[in-house]
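Chemist: Sharing a structure with you now.
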Amino acid sequence: MSVNCEEKKKIILDKSLIEIFKVHRHINGAYVIEFLDLMKVIGVDYFQVNSSTLDKMMIYPEFSGYCVYNIENTEDLRYLYIYDFKYLSIDFEKFSTIPLMECKNKIDKSKIIMNIALKDLKASNIETIKYILSCYDIEFLMVTNLSKCNNSSWEDFIIKLKKTFNLKIGFCAENSLCMGTAVSIELCLDGADMIAGAFNGSEYGFAPIEEVLTALKVIGDCNINGDLSLLYKLTELYKKLTYKVIPGDKAVIGQDIFKYESGIHADGIEKNPLTYEPYSPSEVGQKRELLIGKHSGGKAVCKKLKELNIDYGTVDVNLLLSKIRNKSIYLKRNIRDEELFALCEELRGVVIG
2 MSVNCEEKKK IILDKSLIEI FKVHRHINGA YVIEFLDLMK VIGVDYFQVN
52 SSTLDKMMIY PEFSGYCVYN IENTEDLRYL YIYDFKYLSI DFEKFSTIPL
102 MECKNKIDKS KIIMNIALKD LKASNIETIK YILSCYDIEF LMVTNLSKCN
152 NSSWEDFIIK LKKTFNLKIG FCAENSLCMG TAVSIELCLD GADMIAGAFN
202 GSEYGFAPIE EVLTALKVIG DCNINGDLSL LYKLTELYKK LTYKVIPGDK
252 AVIGQDIFKY ESGIHADGIE KNPLTYEPYS PSEVGQKREL LIGKHSGGKA
302 VCKKLKELNI DYGTVDVNLL LSKIRNKSIY LKRNIRDEEL FALCEELRGV
352 VIG
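Using the numbering used here, the letters of the sequence shown correspond one by one to residues 2 to 354.
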């Protein structure tokens, strides 16, 4: 198990593969297995797949032990005769519409995760749920369709579910209100046994796995048995796999989140990075980058020149600063390193007044 909070182990279930194949028209299949392997390394325990996923790709037999196969209709039962899945995932209402008993000998070889919407956890369904539990080897109750934080804690709710059904409890938060990460963190810290999400999950309406794992480590003080420093490499792989551009300001994996420019910001980073950064860039495989532009001050420019090993001893920094601001405004962007070098060379030895 990849996450340990207060000595309680949590399972991370990733839904990326199903969502990627469902949402993106063009997929570079050459990167699928490499993507999944790297997801395991950063801290994912299991991957959810369905028949549509398996129709489009083949997984090697050893990997089926890390897959949670989602059975959505009768036709999906055919893959039970091809792969040995450790877990099967079935919606609460599907237990009455899919002839599961016809292949019970195959189903019994796997543990089952029963998915149930939050709204369906009502008194009138309790006996039906308990009857299903008596017929199958169900290990988890996965509560879905959560979208809001619970300011009074989920702990009592989770304890009640565990006592009522004698099951481990998992949750799959939606991101419709942009609270998927927050809800998942709350649930994990309040006693959930499994959390589901997807890499870059906000793209698919779920909690972003990369945000949840990072937050649990940084804020929740949990032990993550994965290497989050590979998130940058994983992000690059995801872009190759999906041909998808990730916004530069995307939390945790955006390429611009550790770039800074303004004078007070640059000065603060220089004195104490924690003033602006809740965690070190190296934690997620990135590097801090000082940008030079119209908002830059003299200290920031001098620091950048030192980083680039540019000798500015004979350069009037105030004049250089003016040139930088004018050029940045004209170009409507920051100044690139080679442009800064050119400006410095242009002003080298120039005497004012």
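Think of the CB as a built atom: it goes at the ideal place given N, C-alpha and C, for glycine as much as any other residue. Note that the coordinates shown come from a computational prediction; the quantities given were computed from them, not determined experimentally.
Between Met-115, Tyr-80 and Ser-111, which lies nearest to Phe-96 when the distance is taken from Cα to Cα?
Modeler: The residue with the shortest Cα to Cα distance from Phe-96 is Met-115.
Chemist: Would you call the stretch 257-267 and the stretch 58-75 in contact, with 3 or more CB pairs under 8 Å?
Modeler: No contact exists between the stretch 257-267 and the stretch 58-75.
Chemist: Met-115 bridges to which residues according to DSSP?
Modeler: In the DSSP output, where bridge partners are listed per residue, Met-115 has Ile-91 and Leu-142.
Chemist: Classify Glu-339 as buried or exposed, calling it buried when 16 or more other Cβ atoms lie within 10 Å of its own Cβ.
Modeler: Glu-339 is exposed by the Cβ-count criterion.
Chemist: Are the beta-carbon atoms belonging to Asp-46 and Ile-13 less than 8 Å from one another?
Modeler: Yes, they are a contact pair.
Chemist: Between which two residues does the beta strand (DSSP E) carrying Asp-15 extend?
Modeler: Note, Asp-15: beta strand (DSSP E), 9-15.
Chemist: Tell me whether Thr-315 is buried or exposed, calling it buried when 16 or more other Cβ atoms sit within 10 Å of its Cβ.
Modeler: Its Cβ having fewer than 16 others within 10 Å, Thr-315 is exposed.
Chemist: Along the chain, where does the beta strand (DSSP E) containing Val-69 start, and where does it finish?
Modeler: Where Val-69 is concerned, the enclosing beta strand (DSSP E) stretches over 68-72.
Chemist: Look up Val-352 in the DSSP assignment and say whether it is helix, strand or coil.
Modeler: With a pLDDT of 49 at Val-352, under the threshold of 50, the predicted position of this residue should be treated as unreliable, and no value is reported.
Chemist: How long is the line joining the alpha carbons of Ser-17 and Glu-211, rounded to whole angstroms?
Modeler: The alpha-carbon atoms of Ser-17 and Glu-211 are separated by roughly 11 Å.
Chemist: What are the residues that DSSP puts in a beta bridge with Ala-199?
Modeler: Ala-199 pairs with Pro-209.
Chemist: On a CA-only basis, which of Glu-175, His-296, Tyr-80 and Lys-131 is nearest Leu-55? Give me that one, please.
Modeler: For the residues Glu-175, His-296, Tyr-80 and Lys-131, the minimum Cα distance to Leu-55 belongs to Tyr-80.
Chemist: Can you tell me whether Val-24 is buried or exposed? The criterion is at least 16 other CB atoms within 10 Å of its CB, across all chains shown.
Modeler: Classification of Val-24: exposed, given that the 10 Å Cβ count is below 16.
Chemist: In terms of residue numbering, what span does the alpha helix (DSSP H) encompassing Ile-108 cover?
Modeler: Taken as a continuous stretch (DSSP letters only), the alpha helix (DSSP H) holding Ile-108 covers 105-108.
Chemist: Unbroken alpha helix (DSSP H) runs of length 4 or more, entirely within the stretch 10-55: which are they?
Modeler: Segments of the alpha helix (DSSP H) lying fully in the stretch 10-55: 17-24 and 33-43.
Chemist: Please tell me whether Cys-189 and Cys-6 are closer than 8 Å, where the distance is taken between their beta carbons.
Modeler: Their beta carbons are under 8 Å apart, which means Cys-189 touches Cys-6 by this criterion.
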